[in-house]
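Engineer: Convert by adding 6 to the 1-based position in the sequence shown; the result is the number in my numbering. C-beta atoms are modelled at their ideal positions from N, C-alpha and C, and glycine is treated no differently. None of these values were measured; they are calculated from a predicted model. I have a structure I would like to understand better, so I am pasting it below and will then ask my questions one at a time.
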Amino acid sequence: MSIDTHIVADEPVALAASGLSLAGPRDFFQLMKPRVMSLVIFTAIIGLLVAPGSLPLYNSIMAIFCIAVGAGASGALNMWYDADIDAQMTRTKKRPLPRGIMAPRTALTFGFLLSVVSVWMLGLATNYVAAGLLAFTIFFYVVIYTMWLKRRTPQNIVIGGAPGALPPMIGYAAVTGTVTLDSTILFLIIFIWTPPHFWALALYKLSDYGRVGIPMMPNVAGPKSTRNQMFAYSLALAAVCAAPVFTGLGGPVYAFGALLLNLGFVALTFKVWRSRAGEKDEVQPESLYEVQKGDRDARNLFAFSILYLFAMFALIGVDHLLRGSL
């Protein structure tokens, strides 16, 4: 009986290793990181909405669809390359490749085809500046971040945050065919938001990252140094978020909402900093992981940071629509 059970449990892994696949449509959708894709789609829509000029409805829909597919392609290629570490982390071990229901070659082919199709279709639907930015985004996320930075430097999230910050710039370029100060500000909001957002996750997932040897900032520089940097980034983020008021990208509605949101973000980051302000900045794998695993303040900041970014871009969009109607 135990032998039969073992065979059944190992069967998906054996099939995937042989090149066969048990994956269904839902697994391929999961391969595209739909949660990440939702943020990509939303910020790209805001970038397209606030850009001067307009696109026909069909072209606008196609632009957002292509950006979403490009983000999904990046996610699929990331999961293909990171399947070995995903299998060891509690947060990622239920993905299709670690579960053994999809062959790595299938994920690689799927991600590559989505990459080519999304860039090609975006160029046809809009312009080649937007298509070039999308191609660069996919390349940066897969090659620069996933293959090079992620396993080599604690600055992986800082430098590797660029691809996640590009979608609103791509949406903006889909309308204008250019990169402007306003689209750069949209990029910078996400780019500077990324380190405190992911380091908050890393603070209460230290055991996961430490187990697979990913050099996240808390594992390498220590939690205290990480908290200091998170607080500094929160202040820099608040400063960047003031820029739309001065360039005209954001009006009174945005200014008031952004003020409240950034006060909340800075306050939560300060709480994370203060919660362990007296700790020694030493990386002691086993004992430190246990202490940090239940870091409630870091968990609260991580959850708020997701709502924060959605709300910031929603404010920009709402403000733009209200001023347009007036």
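On the three-state DSSP scale, how would you describe residue 83?
Structural biologist: DSSP places residue 83 in helix when its eight states are reduced to three.
Engineer: Helix, strand or coil for residue 94 per DSSP?
Structural biologist: Three-state result, residue 94: coil.
Engineer: For residue 49 versus residue 310, is the C-beta spacing smaller than 8 Å?
Structural biologist: Against a cut-off of 8 Å, the Cβ pair of residue 310 and residue 49 comes out as no contact.
Engineer: I need the DSSP call for residue 60, collapsed to helix, strand or coil.
Structural biologist: Coil.
Engineer: Would DSSP call residue 129 helix, strand or coil?
Structural biologist: Looking at residue 129 - three-state DSSP - the assignment turns out to be helix.
Engineer: Name the residue from 235, 250 and 254 whose alpha carbon lies nearest to the alpha carbon of residue 272.
Structural biologist: When only C-alpha atoms are compared, the closest one is 235.
Engineer: Excluding the 5 residues preceding and the 5 following residue 197 in the sequence, name in chain order all residues of the same chain whose CB lies nearer than 7 Å to its CB.
Structural biologist: Cβ within range, chain order: 167, 168 and 171.
Engineer: Look at the Cβ atom of residue 226, then the Cβ atom of residue 173, and state whether they are nearer than 8 Å.
Structural biologist: No, the pair does not count as a contact, with Cβ atoms beyond the cut-off.
Engineer: Measuring CA to CA, which of 327, 218, 304 and 315 is closest to residue 257?
Structural biologist: Minimum Cα distance to residue 257 is reached at 327.
Engineer: Residue 82 and residue 209: beta carbons closer than 8 Å?
Structural biologist: Taking 8 Å as the Cβ cut-off, residue 82 and residue 209 do not qualify as a contacting pair.
Engineer: Could you give the C-beta distance for residue 175 and residue 185, rounded to a whole number, given that I count them as a contact under 8 Å?
Structural biologist: Rounded, the Cβ-Cβ distance is 6 Å, consistent with contact.
Engineer: As an exercise, report each continuous beta strand (DSSP E) stretch of at least 3 residues that is fully enclosed by the stretch 147 to 206, in chain order.
Structural biologist: Complete beta strand (DSSP E) runs here, min 3: none at all.
Engineer: Would you check if there are 3 or more beta carbon pairs closer than 8 Å linking the stretch 130 to 148 to the stretch 65 to 78?
Structural biologist: Segments in contact, yes.
Engineer: Measuring only the C-alpha atoms, how far is residue 54 from residue 240?
Structural biologist: Roughly 26 Å between the two C-alpha positions.
Engineer: Per DSSP, what kind of secondary structure is residue 76 in: helix, strand or coil?
Structural biologist: Helix, per DSSP.
Engineer: Do residue 308 and residue 206 have their C-beta atoms within less than 8 Å of each other?
Structural biologist: For residue 308 and residue 206, yes; Cβs fall inside 8 Å.
Engineer: Determine the direct distance from the alpha carbon of residue 35 to that of residue 314, and round the result to whole angstroms.
Structural biologist: Roughly 26 Å between the two C-alpha positions.
Engineer: Give the DSSP-derived three-state secondary structure of residue 144 in the structure shown.
Structural biologist: In this structure, residue 144 counts as helix in the three-state DSSP scheme.
Engineer: How would you label residue 90, buried or exposed, when you count the other beta carbons within 10 angstroms and need 16 or more for buried?
Structural biologist: It counts as exposed.
Engineer: Within 10 angstroms of the Cβ of residue 156, are there 16 or more other Cβ atoms? Answer buried if so, exposed if not.
Structural biologist: By the neighbour-count rule (16 or more Cβ atoms within 10 Å), residue 156 is buried.
Engineer: Can you give me the C-alpha to C-alpha distance between residue 127 and residue 103, rounded to a whole angstrom?
Structural biologist: Distance between the alpha carbons of residue 127 and residue 103 is about 28 Å.
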